[in-house]
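In my numbering, the protein residues as written are 18 to 717. Each residue gets a CB set at the ideal place from its N, CA and C atoms; glycine is no exception. The block underneath contains the structure these notes are about, expressed in structure tokens.
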């Protein structure tokens, strides 16, 4: 009791000290502002932006000039959205206790009172008519389709283009014209010009018609290249002088200069300067020949002095030196220093990595790496929803740069309505050489499957490396885990083992060339994952489990895409019997990322009693056609085809199921929010007619 009283007394003293300190040094009062009329989120973002712009300047009151500046800033925020003539009502609470109400518009024809000193100001925005593009007429353009040119002005390829997607402002129209002109010049039309010839606006409806005049000019074609060098001539430059017959543009000029600089960088000339001049000849047959001269000033050849590091507070210098693969006396190659910066950045412990030279001139220079360390601790919250697991949430705690050696510990805990999962991973970067990372992971999982309760826990040690030749990442590891099933309602429950210990070698290989993993539009991905379990590795069972998957994404016209995915899984028990195969390692297709006419696990094979049995092999094919409706909303038609088999005697499948369906997708920063319905056109007795799927994330 006495200890509790002393602790309480100490707490009171500390609070009194803190409160007393606050009372002794009160924070200076700052004028308050409020914004309304733009929607809750935009109101808040605009208010915060104004406060950031002001910083500490406002003080306890705002004068008329500051109020006008804030109103004009608000108008500038909404102008790109097509609101060209907003009116902003200002309600000011004066320093003397009175109130003043007036209106500000962009014309400033209504002069506000100049004597205002307000301690609180409320801005209410009347956006007015939204001006929007109704028609864009383009003349003089022959080398690009009208549809492609129109996309520069409408800024959105979609079936439904609302007024927001067609918003007009003079600045936005100029940027669109400049973008079209830049694209033409990239294609070799160096004299191209794009101008807004005429603008017609209806102030009542907000409709805007643009007339755009395009002058293409002749196409510039490279006729010859000559390199003039002040300094030593390197052999790698000679092939450049053989080039001809390609379109010429300022971008080609920049590429040529950079290519020459790289040649000299490699030979220790970090100060090399390249100036590229193009001399056009008279045009003929729609083309203008161009003679190019590249003037090279190599500067002096430089060697590396001492490697210096600055800014590391917790990181051991030996960790940094391992990633910088240049030595004292080497030729100073800026490209190699950039690769060293990249290797240091890959550690994931630095906010920034910069490199400079000391002295900045001379034949011997010290590369100086200046780093800024990241916050070593990061806590992230997670959330999501799926048709089967429903609400799920979790947290991830990351601790970086342990022991100053760039080691990382990551704890992840996720809870849903159907499952509980926890992972603790310890990662050592570049444990064997530059490209191999090592990690140890402890995991636990409990999940309510359709016909049993899955319980798994164990540990795995993994090595990961990249394979640049095939642009893939590979892993190999050893896993020791306990697999348990409870509340078993499978058709095979009488012969299924309830708990088994598994030891396996796991091998994985993944290639991903998609343009965006959350919203893929182009590219492909393939993956291989194998799990080879053996009693000789310390487990109780033998099995071999392999899964292959691939997906492909491409455009189909404007605002349309085709997505295709295929996956195949097989599990065998070579040297053992099927009776020893763990229930947890069979396949149970069905759900939002499988065959979508079925709920989670509902497409699994059934026994003679109608109960589910896990499959030993399956093939799943997913086909989708996606049509963009607006910028973030799209419509999808899909077909899912599943073949599966309970035994390998009927490999690859003896049962076929087909679902067709449609859905809507709203694209967000964390992936598409999907609402889909799959109808089963080929099903078994007892199968559902179809299923509604609601989830977040791309299906394959």
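Taking a contact to mean a Cβ-Cβ separation below 9 Å, would you say residue i touches residue j in this structure?
i: residue 480; j: residue 455; result: yes
i: residue 146; j: residue 129; result: no
i: residue 299; j: residue 307; result: no
i: residue 524; j: residue 498; result: no
i: residue 326; j: residue 387; result: yes
i: residue 150; j: residue 229; result: no
i: residue 204; j: residue 160; result: yes
i: residue 423; j: residue 492; result: no
i: residue 79; j: residue 50; result: yes
i: residue 346; j: residue 713; result: no
i: residue 614; j: residue 684; result: no
i: residue 546; j: residue 591; result: no
i: residue 84; j: residue 133; result: yes
i: residue 675; j: residue 698; result: yes
i: residue 660; j: residue 669; result: yes
i: residue 466; j: residue 605; result: yes
i: residue 169; j: residue 154; result: no
i: residue 585; j: residue 635; result: yes
i: residue 55; j: residue 142; result: yes
i: residue 425; j: residue 329; result: no
i: residue 248; j: residue 314; result: yes
i: residue 244; j: residue 277; result: yes
i: residue 227; j: residue 190; result: yes
i: residue 356; j: residue 393; result: no
Could you check where the beta strand (DSSP E) with residue i kicks off and where it finishes?
i: residue 237; result: 236–247
i: residue 642; result: 634–645
i: residue 310; result: 304–314
i: residue 402; result: 394–403
i: residue 384; result: 381–390
i: residue 294; result: 290–297
i: residue 693; result: 688–699
i: residue 590; result: No beta strand (DSSP E) holds residue 590; DSSP gives it neither H nor E.
i: residue 483; result: 470–484
i: residue 675; result: 672–685
The alpha helix (DSSP H) that contains residue i, what's its start and end?
i: residue 124; result: First-last for residue 124: undefined, no H or E at that position.
i: residue 333; result: Looking at the DSSP string, residue 333 is not in any alpha helix (DSSP H), and its letter there is neither H nor E.
i: residue 192; result: 187–203
i: residue 660; result: Looking at the DSSP string, residue 660 is not in any alpha helix (DSSP H); the run it does join, the beta strand (DSSP E), is 650–662.
i: residue 83; result: 81–95
Could you compute how far the alpha carbon of residue i sits from the alpha carbon of residue j?
i: residue 653; j: residue 645; result: 9 Å
i: residue 353; j: residue 396; result: 35 Å
i: residue 385; j: residue 183; result: 50 Å
i: residue 364; j: residue 603; result: 38 Å
i: residue 406; j: residue 177; result: 34 Å
i: residue 723; j: residue 554; result: Residue 723 lies beyond the stretch modelled for the chain, which goes from 18 to 717, so this question has no answer here.
i: residue 443; j: residue 473; result: 19 Å
i: residue 246; j: residue 304; result: 30 Å
i: residue 42; j: residue 72; result: Note that residue 42 has pLDDT 47, beneath the 50 cutoff, so the model's placement of it is unreliable and no number is given.
i: residue 506; j: residue 656; result: 30 Å
i: residue 630; j: residue 181; result: 52 Å
i: residue 702; j: residue 222; result: 59 Å
i: residue 119; j: residue 89; result: 14 Å
i: residue 704; j: residue 510; result: 21 Å
i: residue 663; j: residue 448; result: 42 Å
i: residue 65; j: residue 415; result: 30 Å
i: residue 126; j: residue 104; result: 12 Å
i: residue 173; j: residue 647; result: 8 Å
i: residue 148; j: residue 218; result: 8 Å
i: residue 431; j: residue 460; result: 12 Å
i: residue 311; j: residue 489; result: 38 Å
i: residue 540; j: residue 408; result: 31 Å
i: residue 260; j: residue 269; result: 12 Å
Can you tell me the Cβ-Cβ gap for residue i and residue j, rounded? I've got them flagged as a contact below 8 Å.
i: residue 616; j: residue 404; result: 7 Å
i: residue 508; j: residue 626; result: 6 Å
i: residue 237; j: residue 274; result: Actually they do not touch by this definition, with Cβ atoms about 17 Å apart.
i: residue 665; j: residue 589; result: 6 Å
i: residue 158; j: residue 135; result: Actually they are not in contact, since the Cβ atoms of residue 158 and residue 135 sit about 53 Å apart, beyond 8 Å.
i: residue 360; j: residue 451; result: 7 Å
i: residue 532; j: residue 538; result: 6 Å
Sorry if obvious, but does the Cβ on residue i come closer than 8 Å to a heavy atom of the ligand NAP?
i: residue 374; result: Judged by which ligands are present, the structure shown has none, so any question about the ligand NAP falls away.
Can you check DSSP and say which residues form a bridge with residue i?
i: residue 224; result: 149
i: residue 560; result: 550
i: residue 50; result: 138
i: residue 522; result: 495 and 549
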